[in-house]
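Q:
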Amino acid sequence: MERSAPARREVVIPGDLLDGHGLKPGSGTFNEGGRIYAARLGIVSERDGLVSVTPLSGRYIPRSQDVVIGKVMDLGPSHWLVDINSPYPAPLNAKETPWMVEFGDTERYLHVGDVLLAEIVSVDEAMRVQLSMADRQFGRLSGGQIVQISPAKVPRLIGRQGSMIGLIRDFTQVRMFVGQNGMIWLDGDADGVRHTANAIRLVEDRGHLPGLTDAVREYLERAYGRSASTPTEVDDDGRR
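Numbering (my numbering), first residue to last: 3 to 242.
(1) Taking 7 angstroms as the limit between beta carbons, can you name the residues of its chain near Asp189, skipping five residues before and five after?
(2) Gln182 and Val156 look like a contact to me (Cβ under 8 angstroms); what is the Cβ gap, rounded to whole Å?
(3) Whose C-alpha, out of Val53, Arg142, Ser54, Gly51, is nearest the C-alpha of Leu94?
(4) Output the boundary residues of the beta strand (DSSP E) element that contains His210.
(5) I'd like the ranges of any beta strand (DSSP E) spanning at least 3 consecutive residues and lying wholly in the segment 92-180.
(6) Could you say which of Gly44, Ser29, Ala201, Gly24 lies nearest to Ile15 if we only look at CA atoms?
(7) Report the CB separation of Phe140 from Leu112 in whole angstroms; it is logged as a contact under 8 angstroms.
(8) Run through DSSP, which three-state label would Leu43 get?
(9) Starting from Ser54, trace the beta strand (DSSP E) both ways and give me its first and last residue.
(10) Indicate whether the contact test is met: 3 or more Cβ pairs, each with one atom in the segment 24-37 and one in the segment 52-67, closer than 8 angstroms.
(11) Run the CB neighbour count on Leu211, radius 10 Å, all protein chains shown included, and call it buried at 16 or more, exposed below.
(12) Could you name the residues of the same chain whose beta carbon sits closer than 7 angstroms to that of Ser229, not counting the 5 residues immediately before and after it, in chain order?
(13) Roughly how many angstroms lie between the CA atoms of Phe32 and Ala128, to the nearest whole one?
(14) For the candidate residues Glu109, Asp76, Ile151, whose alpha-carbon lies nearest to that of Asn87?
(15) Just to confirm, are Val125 and Ser80 a CB contact at a threshold of 7 angstroms?
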């Protein structure tokens, strides 16, 4: 017996019926008899006219216009190859940077191991990815520490209109960039970074359960001995 269509952000299992409301089947789904079903364990999401199931764990699947954090793993005469926590390589062409890079001079600007904040500008049908740092909001991230979570938990870490990140920053005063690939860059004092990382782990462990915001707030209030000034986050489905 098939299960009824789930509420958005509900965990689904293979074979669950997804109420696509006229949407097309995306990744992690299949169409049978004009109806869309889950093909894997994960969380339902809708984007760009598709209904998809994002796995609860696993590596990042690149999407155009996603902001990601990556690490330079190799370089060529006119590009750098960046690890974005994906099974697909992500080159950054020298023309997609704010610098005037001469051919063969890439090592002058970025080295293996450097951490970047970049945008995915294109992904074709063969999953060939192209990164860009041309916009001034992107670039190299110096110092700091990287924390990694499942890409499926990133929306919960951000919260509605940035409410979850705002809650964490209100306590820790840590600079934070969150990549949609599950890579998170933190910079601040040691205690702030430690408490931020612990709060992120709570999101990783409890991101699919109700009561997440309350759990994060309670942890931070205990850690810092004060109450939060950030309003309570309420999701689309009414969860706090």
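Just so it is clear, CB atoms sit at the ideal spot from N, CA and C, and this is done for glycine as well. All figures in this text were calculated on a predicted structure; none of them were measured in a lab.
A: In this structure, then:
(1) Here the question's residue 189 lines up with position 187 in the sequence shown. Gly145, Gly146, Val176, Arg177, listed in sequence order.
(2) As a working mapping, residue 182 is identified with position 180 in the sequence shown. As a working mapping, residue 156 is identified with position 154 in the sequence shown. Confirmed, Cβ separation roughly 5 angstroms.
(3) Residue numbering aside, residue 94 sits at position 92 when the sequence shown is read from its first letter. For the residues Val53, Arg142, Ser54, Gly51, the minimum Cα distance to Leu94 belongs to Arg142.
(4) For the purposes of this step, residue 210 is identified with residue 208 of the sequence shown, where counting begins at 1. Taken as a continuous stretch (DSSP letters only), His210 belongs to no beta strand (DSSP E), as it is neither H nor E.
(5) Correct list: 92-95, 117-125, 131-134, 141-143, 147-150, 177-180.
(6) Position 13 of the sequence shown holds residue 15. Nearest option by C-alpha distance: Gly44.
(7) Position 138 of the sequence shown, counted from the first residue, corresponds to residue 140. Position 110 of the sequence shown, counted from the first residue, corresponds to residue 112. Not quite, the Cβ-Cβ distance comes to about 12 angstroms (not below 8 angstroms), so this is no contact.
(8) Residue mapping note: residue 43 aligns to position 41 of the sequence shown, counting from 1. Leu43: coil per DSSP, three-state reduction.
(9) Position 52 of the sequence shown, counted from the first residue, corresponds to residue 54. Segment 52-57, the beta strand (DSSP E) holding Ser54.
(10) yes
(11) Translated into positions along the sequence shown, residue 211 becomes position 209. Per the 10 Å Cβ criterion, exposed.
(12) Position 227 of the sequence shown, counted from the start, is the residue given in the question as residue 229. Apart from sequence neighbours up to five positions away, the residues of its chain that approach Ser229 with a beta-carbon distance below 7 angstroms are Glu223, ordered along the chain.
(13) Walking along the sequence shown from the start, residue 32 turns up at place 30. Walking along the sequence shown from the start, residue 128 turns up at place 126. So the alpha carbons of these two residues sit roughly 20 angstroms apart.
(14) Here residue 87 corresponds to residue number 85 of the sequence shown, with the count starting at 1. Checked all of Glu109, Asp76, Ile151; the closest Cα to Asn87 is Ile151.
(15) Looking up residue 125 in the sequence shown gives position 123. Looking up residue 80 in the sequence shown gives position 78. No, they are not a contact pair.
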